[in-house]
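Enquirer: Protein chains in written order, with the numbering used here: chain A, 28 to 160; chain B, 28 to 160. Just so you know, even glycine gets a beta-carbon here, dropped at the ideal spot from N, CA and C. Since the structure is predicted, the reported quantities are computational estimates derived from the model, not experimental observations.
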DNA sequence: GCTTGACCTTCCCATCATTGGAAGGCCCAG
DNA sequence: CTGGGCCTTCCAATGATGGGAAGGTCAAGC
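Set out below in structure tokens:
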């Protein structure tokens with residue numbers, strides 16, 4: 028069994044050592060076994076879990092949802108409908124935020140388009156912010 | 028001069044009383060004049076500033092950028108190019124985040140589409156997270 | 001004038017996920 | 001046996017906001 032210190036596990040999983048400790052502290056990860064000197068050690072299974080977490084985070088899942096996904100991963104009796112529900116709820120959140128930011132961007136782009144961007148003070152962007160309709 | 032307490036100013040501007048105090052604490056707003064009893068009071072000009080801030084926040088500007096925009100608003104010798112540069116930097120940030128989230132959404136939507144969502148455990152979403160390529 | 005209730009004040013804490021740093025201990029190569 | 005690279009824990013900060021406690025102020029009604 029190849030055993031890794033937290034630094035090696037971090038490098039191998041893409042999760043920083045700081046975060047690995049934090050995930051353990053909040054209960055997302057079980058306490059890692061320690062060497063005599065108190066060092067945490069991680070085996071291949073642990074690395075697999077860390078990569079799972081990393082992937083879930085990369086897809087924008089919160090740590091809370093990531094914990095749920097981990098639970099479902101481990102649960103051989105899971106229903107795929109539970110996983111799908113989590114994913115679709117997250118998709119809906121993403122869509123809502125994207126829509127919100129797109130609206131901001133559209134407004135700003137429209138204002139910036141009409142701004143000369145020269146040495147003069149006149150600026151439709153400032154005018155909009157100031158409420159000069 | 029109509030003078031408002033912080034609650035009235037909050038209602039009139041859409042910025043919560045908590046946030047008005049916070050903006051003052053971090054220097055985004057100058058210290059408001061106080062009544063004998065220590066209550067903050069806000070005049071029409073202050074309300075205008077608060078609405079400006081509110082609008083900038085609604086467009087997604089950070090408090091730091093909002094401070095810059097306020098400075099430019101007050102500066103009669105501003106160059107509209109400075110305002111435009113701030114806006115375009117923010118547009119670029121928004122675009123970057125939107126792209127990032129869109130990529131997440133596309134991936135998730137693709138995975139969810141192939142998930143049966145029934146009582147069985149088989150699930151392409153979990154498989155992806157687990158790194159089963 | 002006094003009470004009552006709505007409002008104000010400051011101060012501290014929580015969120016979410018992550019990073020930074022300080023002080024001190026462990027481990028291995030030279 | 002020493003140096004330096006890794007590890008440990010603990011504390012603090014980020015950004016923008018909300019929540020709440022303890023206590024002071026104000027205005028209306030009696």
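So, for residue 110/A: in the same chain, excluding its five sequence neighbours on each side, which residues have a beta-carbon less than 6 angstroms away from its beta-carbon?
Expert: Excluding residues within five positions, the ones whose Cβ falls inside 6 angstroms are 99.
Enquirer: On a Cα-Cα basis, can you pick out the residue from 29/A, 60/A, 65/A and 69/A that is closest to residue 42/A?
Expert: Checking every option, the nearest Cα to that of residue 42/A belongs to 69/A.
Enquirer: Residues of chain B with CB under 7 angstroms from residue 46/A, in chain order?
Expert: Under the 7 angstroms cutoff, chain B gives no residues; its nearest Cβ is about 17 angstroms from residue 46/A.
Enquirer: In terms of alpha-carbon separation, which member of 57/B, 29/B and 157/B lies closest to residue 77/B?
Expert: Nearest C-alpha to residue 77/B: 57/B.
Enquirer: Which residues, in chain order, does the segment 139-151 of chain A contribute to contact with chain B at a C-beta distance below 7 angstroms?
Expert: Against chain B - using a Cβ distance shorter than 7 angstroms - the residues of the segment 139-151 of chain A are 139, 142, 143, 144, 145, 146, 147, 148, 149 and 150.
Enquirer: As a quick exercise: from 124/B, 137/B, 55/B and 36/B, pick the residue whose alpha carbon is nearest that of residue 97/B.
Expert: Minimum Cα distance to residue 97/B is reached at 55/B.
Enquirer: Take residue 40/A as the anchor and find which of 84/A, 107/A and 53/A has the nearest alpha-carbon.
Expert: Comparing Cα-Cα distances from residue 40/A to each of 84/A, 107/A and 53/A, the minimum goes to 84/A.
Enquirer: Let's see if you can read the secondary structure: which residues bound the alpha helix (DSSP H) around residue 152/B?
Expert: Counting along the chain, the alpha helix (DSSP H) containing residue 152/B begins and ends at 151-156.
Enquirer: So, helix, strand or coil for residue 31/A, using DSSP?
Expert: Residue 31/A falls in the strand class under three-state DSSP.
Enquirer: Going along the chain, which residues of its own chain have a beta-carbon closer than 6 angstroms to the beta-carbon of residue 34/B, five neighbours each way excluded?
Expert: Closer than 6 angstroms at the Cβ level, and outside the excluded window around residue 34/B, lie 44.
Enquirer: Measuring CB atoms only, is the segment 124-139 of chain A touching the segment 111-128 of chain B, in the sense that at least three cross pairs come out at less than 8 angstroms?
Expert: Output reads yes: the segment 111-128 of chain B touches the segment 124-139 of chain A.
Enquirer: List the endpoints of the continuous alpha helix (DSSP H) containing residue 59/A.
Expert: It is not in any alpha helix (DSSP H) - residue 59/A carries neither H nor E in the DSSP assignment.
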